[in-house]
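Counting in the working numbering, the final residue of the sequence shown is number 193, and the numbers go up one at a time with none missing.
Worksheet: the structure to be examined is printed underneath.
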Amino acid sequence: MASEFQKQKIDRIYEVLDVEGTGALTFQSFLADAERGALRMHADPEQARRTMETIRPGIETLWDWMTRFDRNADGEVTPDEFRHGYGDIVLRDPAGFENVIMSGAEAWFTTGDANGDGVLSREEYTAFFGASLGLTSREAERGFDSMVANGTDALTRERYKEMVRDYYLGDDEDSPSALFLGRLKGPGDG
Ligand SMILES: [Ca+2]
Ligand SMILES: [Ca+2]
4 MASEFQKQKI
14 DRIYEVLDVE
24 GTGALTFQSF
34 LADAERGALR
44 MHADPEQARR
54 TMETIRPGIE
64 TLWDWMTRFD
74 RNADGEVTPD
84 EFRHGYGDIV
94 LRDPAGFENV
104 IMSGAEAWFT
114 TGDANGDGVL
124 SREEYTAFFG
134 ASLGLTSREA
144 ERGFDSMVAN
154 GTDALTRERY
164 KEMVRDYYLG
174 DDEDSPSALF
184 LGRLKGPGDG
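Below, the structure is given as structure tokens:
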């Protein structure tokens with residue numbers, strides 16, 4: 004059973020995945036979103052295309068697995084299907100999580116790391132995650148500050164993955180990962 008805190012995170016994860024707010028995630032919507040992100044981070048369309056090529060297998064893996072949520076098998080994952088499946092599929096299958104969610108998370112990291120030096124700088128983080136997650140630059144900075152190690156100004160791949168794992172599987176409201184996808188709505192917060 005997911006806790007109230009985890010349920011808030013699950014709804015937030017869906018909201019972030021469903022960029023257009025259609026309430027129906029599809030493989031095409033995943034690809035279109037990834038493409039928008041790549042184009043946002045690379046002024047050069049050729050470089051954006053290469054980024055898409057690099058991350059596409061990760062997106063395919065993620066979607067293959069997402070179809071497990073699609074109970075009525077209509078090719079769309081609704082918020083209800085996602086909510087109901089999450090506890091069973093994600094929280095009870097940490098091994099599957101490692102293979103799958105991480106491949107999606109890696110794709111995000113790769114897209115966000117515009118200069119390809121293997122870490123997300125403050126600027127890269129706020130530019131990519133801020134826009135992708137619909138955060139204000141201040142919210143994005145707060146997330147960045149809570150996640151980077153003290154005294155550094157770069158989010159390493161290892162730390163990022165640790166934060167992703169903790170956000171998706173953890174149940175600690177005081178974890179530095181709690182702001183990973185922006186502020187969570189409390190009950191009655193609309
Ligand atoms: Ca469905
Ligand atoms: Ca970088």
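Note that the Cβ used here is the ideal one computed from N, Cα and C, for glycine as well.
Helix, strand or coil for V103 per DSSP?
It is helical.
Quick one, what's near ligand 1 if you take every residue whose CB is closer than 5 angstroms to any heavy atom, in chain order?
Put simply, the residues with a CB less than 5 angstroms from any heavy atom of ligand 1 are D73, N75, D77 and E79, in chain order.
For the segment 45-133, list the beta strand (DSSP E) runs that are entirely contained and at least 3 residues long, ordered along the chain.
Listed in chain order, the complete beta strand (DSSP E) runs (minimum 3 residues) inside the segment 45-133 are 122-124.
Alpha helix (DSSP H) segment containing A143, residue limits:
Start and end: S140 to M150.
Residues in its own chain within less than 6 angstroms of D21 by CB, not counting five upstream and five downstream?
Non-local beta-carbon contacts of D21 in its own chain, meaning distances under 6 angstroms to residues more than five positions away in sequence, involve L28 in chain order.
May I ask you to report which of helix, strand or coil DSSP gives L136?
Looking at L136 - three-state DSSP - the assignment turns out to be coil, as it is neither helix nor strand.
How would you call T129, buried or exposed, if buried means at least 16 neighbouring beta carbons within 10 angstroms?
Residue burial is scored here from C-beta neighbours: T129 has at least 16 other C-beta atoms within 10 angstroms and is therefore classed as buried.
Determine the closest residue to T81 out of E18, D36 and D116, with distance taken between C-alpha atoms.
Looking only at E18, D36 and D116, the smallest Cα-Cα distance to T81 is reached by E18.
Hey, which residues come within less than 6 angstroms of ligand 2, measuring from Cβ to any heavy atom, in chain order?
Those residues, listed in chain order, are D116, N118, D120, V122, L123, S124 and E127.
Let me know if A117 comes out buried or exposed under the rule of 16 or more other beta-carbons within 10 Å of its beta-carbon.
The residue is buried, with at least 16 neighbouring Cβ atoms inside 10 Å.
Excluding five sequence neighbours on each side, which residues of the same chain lie with their C-beta closer than 7 angstroms to the C-beta of G88?
Around G88: R71 and F72.
Can you find a heavy atom of ligand 3 that lies under 7 angstroms from the Cβ of A110?
Ligands displayed in this structure: ligand 1 and ligand 2; ligand 3 is not among them.
So which of G78, F8, D47 and G61 has the shortest CA-CA distance to Q31?
Cα-wise, what sits closest to Q31 is G78.
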